[in-house]
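Which chain is which? The protein sequence lines are A and B, in order.
Under the working numbering, the first residue of the first sequence carries the number 293, and numbering increases by one thereafter.
Under the working numbering, the first residue of the second sequence carries the number 57, and numbering increases by one thereafter.
Here is the structure we will look at, set down as structure tokens.
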Amino acid sequence: MIKTKTFPFGEHTPGMKETATFPVKVLPPPERVLLHLSQHKGAPAIATKKMDDDVLYGDLLAEASGHVSVPIHASISGKITGFGNFLHPMGSQSSAFLIRRDPSMPEPALETETDLGLTRRSEILQKIKDAGIVGMGGATFPTHVKLSPPEEFKIDTVIINGSECEPVLTADHRSMLEYPDELISGLKICVAVLKADRGIIAIEDNKQDAADLLTAKLEKQPSLQVQLLRTKYPQGSEKHLILACTGRRVKSGQLPASTGVVVINASTAIAISNAVIRSKPLTERIVTLAGSAVKNPGNYKVRIGTIISDFIEATGGLKEDITLRKVISGGPMMGFALPSLELPIQKGTAGILCWTDEELAIKEETHCIRCARCVRACPMGLDPTYLMKLLKAQQFEKAKAEKLLDCIECGACSYTCPAAIPLAQYFVMGKRTLMAQQKNKK
Amino acid sequence: MQIIIAVAVLSTIAFFAGILLSYASEKFQIETDEKTEEILKYLPGVNCGACGYPGCQGFAQALSSNEASPDSCTVISAKNLTKLKTFLGLETADNSKSQKRLGALIKCNGSDSEEHMKFTYEGIKDCQAAVLLQNGPWKCPHRCVGMGSCVAACPFGALSMGEKHIPVLDESKCVGCAACVPACPKNLIKMVDIDRRVHVLCNSTDTAKEVREHCKVGCIGCKLCEKVCPTGAITVTDNLAKIDYSKCTDCGLCAEKCPTKAIFVEPEQPNTESVKETQPTENKADKK
Chain A
293 MIKTKTFPFG EHTPGMKETA TFPVKVLPPP ERVLLHLSQH KGAPAIATKK
343 MDDDVLYGDL LAEASGHVSV PIHASISGKI TGFGNFLHPM GSQSSAFLIR
393 RDPSMPEPAL ETETDLGLTR RSEILQKIKD AGIVGMGGAT FPTHVKLSPP
443 EEFKIDTVII NGSECEPVLT ADHRSMLEYP DELISGLKIC VAVLKADRGI
493 IAIEDNKQDA ADLLTAKLEK QPSLQVQLLR TKYPQGSEKH LILACTGRRV
543 KSGQLPASTG VVVINASTAI AISNAVIRSK PLTERIVTLA GSAVKNPGNY
593 KVRIGTIISD FIEATGGLKE DITLRKVISG GPMMGFALPS LELPIQKGTA
643 GILCWTDEEL AIKEETHCIR CARCVRACPM GLDPTYLMKL LKAQQFEKAK
693 AEKLLDCIEC GACSYTCPAA IPLAQYFVMG KRTLMAQQKN KK
Chain B
57 MQIIIAVAVL STIAFFAGIL LSYASEKFQI ETDEKTEEIL KYLPGVNCGA
107 CGYPGCQGFA QALSSNEASP DSCTVISAKN LTKLKTFLGL ETADNSKSQK
157 RLGALIKCNG SDSEEHMKFT YEGIKDCQAA VLLQNGPWKC PHRCVGMGSC
207 VAACPFGALS MGEKHIPVLD ESKCVGCAAC VPACPKNLIK MVDIDRRVHV
257 LCNSTDTAKE VREHCKVGCI GCKLCEKVCP TGAITVTDNL AKIDYSKCTD
307 CGLCAEKCPT KAIFVEPEQP NTESVKETQP TENKADKK
């Protein structure tokens, strides 16, 4: 029996992971895809194809425009029928390719096995960058940047984040169960690239089956191990994962790499393995579809760029007699609501939640009763109720002194608040205002 | 008997404490500048900060040491300004007419129909917060968010939320302190001469097609107003009409021609002439 580890504070959210037992279904290529040039943190990619060009599955559409940027690849074979500004899921208008599928065009088999053998570190990193891999848990930070941390940090541990602490989502859980070999080889690649001593696969104890499977596979490899974690939100946060697994704390304002640990999401590790060993660019991902408004919830392997309405239609559509109230991209805690279904699934979309009134509990904000449940829930050790009061009074500088910028926007405080105060929203607003002020000063 | 002792002891203590306190009040008296105190009486006392000094007290100190001019206060009533100038020994030129009175103008006409909304916003009632989600709930990226951050920012209660989810200005209450201007995330509020009646109520630089998709009442940059204006006060740049108030004669011809009614002639509000004694309805400045 392996001892489970965790971090102090946090919130016990209900799992609601009904789709955990649903095997991944591979959906056929969609009729159209919309691929934005900015699906990652950092500079948007620069288009290399133009209107009316014919593209094959896996072709490069746009190349990286710098170190913190990744290329974009075609996820279906067909013709570019649109290039211009399209609505981005984050709300802005930004440039994107619209590709219509041409059934007569072949889909090249991308999976060419290559022998790693004596491949150099820089070559592996280049391969990861060329495949357009970003953090697939939702943060969408370019993975090759994460795998080349500043020189002064000596990395000794790589953690694969398989905790998937967001309720409802099961995409990472299913990926770990169905692609364990890819996951392990992805971890090995990361360990080799970073010259680390050990690799840890961190899994919450509500995914015992995945943990058992991976433990059995890692039996003969002493440097790699599975670490069980207690099911608690936000266990999957980078900082809290490092704290739980190694006991090291990321200091305020510092990079997680400063502790000598690099954290890679489970789905990302599988994508790394596919990119390095099979030279396969990131063109598809596993998405959890859930919510009482959909007919067939489950985990689906979809092409990146699939329009959400097409995706839902391909899985069987929405229930007829029910009104869809809200669509969330990502998890229920940190995901964001979408204004329309005509938006694409992107590299960082781990889930699509179609909610009706049944799941939504929108309450009117009332007064703080100073119960301090938010203080107990905050994984960063902040005082959410005090910060909220400062922000309501527009006292941004004071809030900064109270470590507002340490907030990881996990939403545990809003979730637990009995007065239904949208605390996390205040903090997001305060952080953005502070960042804008700092920008203006420069 | 006991009660008499108690009263006697307490009275003695009270007597000596009284002597001590009266001595202390003489000895440790904080010197106040009488001039500053007198100036403070004429100032509106709303601490809006429009003069650039930290509140009315700071402004009064600056005035008494001749660092500032009374004209820096945009909030003060004409009557008090004359009194203040007389007190300070400054020339009281006939400034009742020559000085422009500024007022807030919300540059959005606000199409309010359902079809121009992207989604229903549920969250903090604050424009800044609403804009962070998908750039606000309206299709038009320039439209007033309508959560009333400017209404909350106004220390005089001059703004109120109107029917079209656009704030409405009570001209008799607005003093031109510009506290509402930074509250707007879309930069829609401009300070203009309050007596002006013709305004372009749109801030969208989008093309005509885009404006038509988002809104029924926005400026489409058709330039009809530019052609009809007899004094050449209107110019259209970046698909948006702009009025040069120094040339405008308030004739209203442009508003008649405007196909989307983005140019608007305000009806004359009664008693705008009589500037009220500036009294903050709710002294929010003090609460902070």
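Every residue gets a Cβ at the ideal spot worked out from N, C-alpha and C, and that includes glycine.
Owing to the predicted nature of the structure, the values given are computational and were not obtained by experimental measurement.
With three or more C-beta pairs closer than 8 angstroms as the rule, is the region 561-568 of chain A touching the region 58-70 of chain B? no
CB contact below 8 angstroms: M727/A versus chain B: Numbered from its first residue, the first sequence carries residue 727/A at position 435. Closer than 8 angstroms: no.
Under the rule that 16 or more other beta-carbon atoms within 10 Å means buried, what is F276/A, buried or exposed? This structure leaves residue 276/A out entirely; chain A is present only between 293 and 734.
Residues of chain B with CB under 7 angstroms from R724/A, in chain order? Position 432 of the first sequence holds residue 724/A. Going along chain B in sequence order, the residues near R724/A (Cβ under 7 angstroms) are L188.
Excluding sequence positions up to five away, which residues of its chain have a Cβ less than 7 angstroms from the Cβ of Y678/A? Looking up residue 678/A in the first sequence gives position 386. Contacts found: E694.
Roughly how many angstroms separate the alpha carbons of K531/A and A106/B, rounded to a whole number? The sequence position of residue 531/A within the first sequence is 239, counting from 1. The sequence position of residue 106/B within the second sequence is 50, counting from 1. Answer to the nearest angstrom: the Cα atoms are 44 angstroms apart.
Using a Cβ-Cβ distance cut-off of 8 angstroms, determine whether K220/B contacts chain A. Along the second sequence, read from residue 1 onward, the residue named residue 220/B stands at position 164. Closer than 8 angstroms: no.
For Q113/B, which residues does DSSP report across the bridge? As a first step, residue 113/B must be located in the second sequence, where it is residue number 57. The partner list for Q113/B (beta bridge, DSSP) is empty, contrary to what the question assumes.
For K153/B, three-class secondary structure by DSSP: The residue given as residue 153/B occupies position 97 in the second sequence. The predicted position of K153/B is uncertain, since its pLDDT is 49 and thus under 50; a value taken from the coordinates is nonetheless stated next. It is helical.
Whole-number beta carbon distance between A337/A and V360/A, since they are thought to touch under 8 angstroms: Locating residue 360/A in the first sequence gives position 68, counting from the first residue. Locating residue 337/A in the first sequence gives position 45, counting from the first residue. No, V360/A and A337/A are not in contact; Cβ-Cβ is about 12 angstroms, not under 8 angstroms.
Under 8 angstroms by beta carbon: chain B residues contacting M721/A: For the purposes of this step, residue 721/A is taken as residue 429 along the first sequence, with counting starting at 1. Chain B residues near M721/A: I180, D182, Q184, A185, L188.
Evaluate K342/A with the Cβ neighbour count: other Cβ atoms within 10 Å of its Cβ, from every protein chain shown; 16 or more gives buried, anything less gives exposed. Sequence index remark: in the first sequence, residue 342/A carries index 50 (1-based). Answer is exposed; the Cβ neighbour count stays below 16.
Since S384/A meets chain B, which of its residues come closer than 7 angstroms, beta carbon to beta carbon? What you label residue 384/A is simply residue 92 of the first sequence in a count that begins at 1. The contacting residues are N191.
Contacts that F212/B makes with chain A (C-beta to C-beta distance below 7 angstroms): Translated into positions along the second sequence, residue 212/B becomes position 156. What F212/B touches in chain A: nothing, since even the nearest Cβ is about 18 angstroms away.
Is there at least one Cβ from chain A nearer than 8 angstroms to K139/B's Cβ? As a position in the second sequence, residue 139/B is number 83, starting the count at 1. No, K139/B lies away from the interface with chain A (no Cβ there is under 8 angstroms from its Cβ).
Just confirm the distance between the C-beta atoms of L581/A and I644/A, as a whole number of angstroms; I'd bet it's less than 8 angstroms. The residue labelled residue 581/A in the question sits at position 289 within the first sequence. The residue labelled residue 644/A in the question sits at position 352 within the first sequence. Contact flag correct, Cβ pair sits at about 5 angstroms.
According to the neighbour-count rule (16 or more other Cβ atoms, all chains shown, within 10 Å of its Cβ), is M428/A buried or exposed? Against the first sequence, residue 428/A aligns to sequence position 136. Buried.
If you run the structure through DSSP and keep just helix, strand and coil, what is A629/A? Position 337 of the first sequence holds residue 629/A. Correct three-state label for A629/A: strand.
Which residues in chain A sit within 8 angstroms of K174/B, going by Cβ to Cβ distance? In the second sequence, the residue the question calls residue 174/B occupies position 118. Result: P631, S632.
So, with DSSP's three-state summary, where would you put E496/A? Taking the first sequence and counting its residues from 1, one reaches residue 496/A at position 204. The answer is strand: DSSP assigns E496/A an E or B state.
For a cutoff of 8 angstroms on Cβ pairs, would you count K153/B as touching chain A? For this step, residue 153/B is matched to residue 97 along the second sequence. Because K153/B carries a pLDDT of 49, less than 50, the predicted location of this residue cannot be relied on, and no value is offered for it.
Can you give, in chain order, each stretch of the beta strand (DSSP E) that sits fully within the region 525-605 of chain A and has at least 3 residues? 553-557, 576-582, 590-595
With DSSP collapsed to three states, give me the class of K692/A. Position 400 of the first sequence, counted from the first residue, corresponds to residue 692/A. Helix.
Any beta strand (DSSP E) of 3 or more consecutive residues that is wholly inside the region 178-223 of chain B: 215-217
Measuring straight from C-alpha to C-alpha, what distance separates I713/A and D345/A? As a working mapping, residue 713/A is identified with position 421 in the first sequence. As a working mapping, residue 345/A is identified with position 53 in the first sequence. In a straight line, the C-alpha of I713/A is about 51 angstroms away from that of D345/A.
Using the C-alpha atoms, what's the distance from D294/B back to D262/B? Counting from 1 along the second sequence, the entry for residue 262/B is found at position 206. Counting from 1 along the second sequence, the entry for residue 294/B is found at position 238. Computed Cα separation, rounded: 8 angstroms.
A62/B (DSSP reduced to helix, strand or coil): Start at 1 with the first residue of the second sequence, and residue 62/B comes out as number 6. Looking at A62/B - three-state DSSP - the assignment turns out to be helix.
Would you say P710/A lies against chain B (beta-carbon separation less than 8 angstroms)? Taking the first sequence and counting its residues from 1, the one referred to as residue 710/A is at position 418. No, its Cβ sits nowhere closer than 8 angstroms to a Cβ of chain B.
For T658/A, count the other beta carbons within 10 Å of its own beta carbon; 16 or more makes it buried, fewer makes it exposed. Which is it? Along the first sequence, read from residue 1 onward, the residue named residue 658/A stands at position 366. Classification for T658/A: exposed.
Should G108/B go down as buried or exposed, given a rule of 16 or more other Cβ atoms within 10 Å for buried? Against the second sequence, residue 108/B aligns to sequence position 52. With fewer than 16 Cβ atoms within 10 Å of its Cβ, G108/B is classed as exposed.
Is V254/B near the ligand FAD, going by C-beta to nearest heavy atom under 7 angstroms? With respect to the ligand FAD, the structure shown offers nothing to examine, as it has no ligands at all.
Output, in chain order, the set of chain B residues within a Cβ distance shorter than 8 angstroms of Y718/A. The sequence position of residue 718/A within the first sequence is 426, counting from 1. By Cβ distance, chain B contributes I180, A185.
Give a yes or no on whether 8 angstroms exceeds the smallest Cβ distance from I654/A to chain B. Taking the first sequence and counting its residues from 1, one reaches residue 654/A at position 362. Answer yes: the Cβ-Cβ gap between I654/A and chain B drops below 8 angstroms somewhere.
Any Cβ of chain B within less than 8 angstroms of the Cβ of P714/A? Position 422 of the first sequence holds residue 714/A. It does; some Cβ of chain B falls within 8 angstroms.
What does the Cβ neighbour count give for T305/B, buried or exposed, with the cut at 16 atoms within 10 Å? What you label residue 305/B is simply residue 249 of the second sequence in a count that begins at 1. Exposed, since its Cβ has fewer than 16 Cβ neighbours within 10 Å.
Three-state secondary structure assigned by DSSP to R522/A: Counting from 1 along the first sequence, the entry for residue 522/A is found at position 230. Of the three classes helix, strand and coil, the one that applies to R522/A here is coil, per DSSP.
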